[in-house]
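>
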Amino acid sequence: MNKTDDIYYIEAVRNGNIQAFSYLVEKYQKLVYTLALKLLKKPEDAEELAQDTFIKAFQKLDTYEGKSKFSTWLYSITYNACISELRKRRIEFKLLDDRLITDQDEQKMNDYYRETKKEDQEKYLTLALEKLPEDDQVLVTLYYYENQSMDEISTITGLSVSNVKIKIHRARKRMYSLLQEMLKEEIYSLL
Amino acid sequence: MNLKDMNKLDKQFEEMMKGMKIDSPSSDFTLKVMSRIQAEAAVQKHHLLQNYQPVISKRTWIILISIFILLIIYITVSGKEPATGTDSGFWSVISGSLNQLHVKDTSTIWQKGIGLFSSVPTIAYLILGASLALWTLDSYFTHKHQTSEIQVN
């Protein structure tokens, strides 16, 4: 166990070194906040929920058994808190429309995307991601950005692994489809 | 589409997503969280202190005092003569000392009262005295512990 392992800091906190928890806060605050923002939309709500998540994690640290990654456990607290908050507000997720792209077009789109300027890539990618249903944004971020496995995402969200797989596949296709629409508009505007 | 294509498309998409910037909370986020955690830890310690159980519980106190009162009532009702100066015991010593001083205002009621208490066996006073000493120590250590916790935080 070295100082880069989460468990080193978890054990330190359990042994009474409260300050060791700040390492975990520093390490995971961006992803916790990003997930909360994707679901709740308002930055101030996301910030508050992210804070509450860390407090809850601190309070429940003794119940963390280490069977899953600490990040999986933490994101699961975040996700469940967001879902509870949305239920309180009676807000439902957007629905994913069925306009999906073919695999061939997906490949073409990826090639075209690579040729786009770096600053535009980020802009379009963020726009496309924001157009996905909120829960799909979370799945895509966890799988492709945070490298959480399908099983881990299933643990976080409470969805079955097969459902996670289908949702991620459809979300990816939908994102390519949205990128295609946006980049087409770009091409037309240039012409 | 075969599995290899699927993996390739996934890998390409992953590379795309890795280039995306993720959102950041406020710059003092860690400080805010840690302040709340410090406060939370202090509250947890306070709860532990609130759960502190004294050596003699309220129930035991009630039983002890009831026994003592019952003993006094028993002695009063049984009509036992108040003790004389020759009796042993704490109250008889005091009574004897008062008589020696020839205190003029010592009324009959007072003498009867002294006599009544002198009839109570010395062991009862010892139990009551020991219990009071324990209660005082309990109070002292609880107060001292609370003060040190506040200083630490």
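Chains as they are written, first to last, in the working numbering: chain D, 1 to 191; chain C, 192 to 344.
Beta carbons are placed, not taken as given, at the ideal position from N, Cα and C, and that holds for glycine.
A quick note: this is a predicted structure, and the numbers were derived from the prediction, not measured.
Alpha carbon to alpha carbon, what distance is there between Q137 (chain D) and K209 (chain C)?
For K209 (chain C) and Q137 (chain D), the distance between alpha carbons rounds to 14 Å.
> How is K165 (chain D) classed by DSSP in three states: helix, strand or coil?
K165 (chain D): helix per DSSP, three-state reduction.
> Do the CB positions of T72 (chain D) and A36 (chain D) come within less than 8 Å of each other?
No, these two residues do not count as a Cβ contact at 8 Å.
> By how many angstroms is the C-alpha of V32 (chain D) removed from the C-alpha of L24 (chain D)?
Straight-line Cα distance between these residues: approximately 11 Å.
> Helix or strand or just coil, what does DSSP make of I266 (chain C)?
Residue state, collapsed to three classes: helix.
> Give the residues from the region 204 to 236 of chain C that approach chain D closer than 7 Å (Cβ to any Cβ), ordered along the chain.
Residues F204, E205, M207, M208, K209, G210, M211, K212, I213, D214, S215, P216, S217, F220, T221, K223, V224, M225, R227, I228, Q229, E231 and A232.
> Do Y113 (chain D) and Q121 (chain D) have their C-beta atoms within less than 8 Å of each other?
Yes. Within cutoff.
> With a threshold of 8 Å between beta carbons, is I55 (chain D) in contact with chain C?
Closer than 8 Å to some Cβ of chain C, the Cβ of I55 (chain D) qualifies, so yes.
> Buried or exposed: where does S162 (chain D) fall if 16 or more other Cβ atoms within 10 Å of its Cβ makes it buried?
Exposed is the call here.
> If we call anything under 8 Å between Cβ atoms a contact, is K167 (chain D) one with L142 (chain D)?
No, they are not a contact pair.
> Considering only the alpha carbon of each residue, which of D:E115, D:E47, D:T102 and D:S68 lies closest to S154 (chain D)?
Nearest of D:E115, D:E47, D:T102 and D:S68 to S154 (chain D), Cα basis: D:S68.
> Excluding the five sequence neighbours on either side, which residues of its own chain have a C-beta within less than 8 Å of the C-beta of C82 (chain D), listed in chain order?
Cβ neighbours of C82 (chain D) beyond the five flanking positions: L35, A36, L39, L40 and L49.
> Which two residues bound the contiguous alpha helix (DSSP H) that contains T72 (chain D)?
Unbroken alpha helix (DSSP H) run through T72 (chain D): F70 to K88.
> Along the chain, where does the alpha helix (DSSP H) that runs through Q59 (chain D) open and close?
P43 to Q59 is the span of the alpha helix (DSSP H), which, as asked, contains Q59 (chain D).
> Let's see if you can read the secondary structure: which residues bound the alpha helix (DSSP H) around Y113 (chain D)?
Segment D103 to E115, the alpha helix (DSSP H) holding Y113 (chain D).
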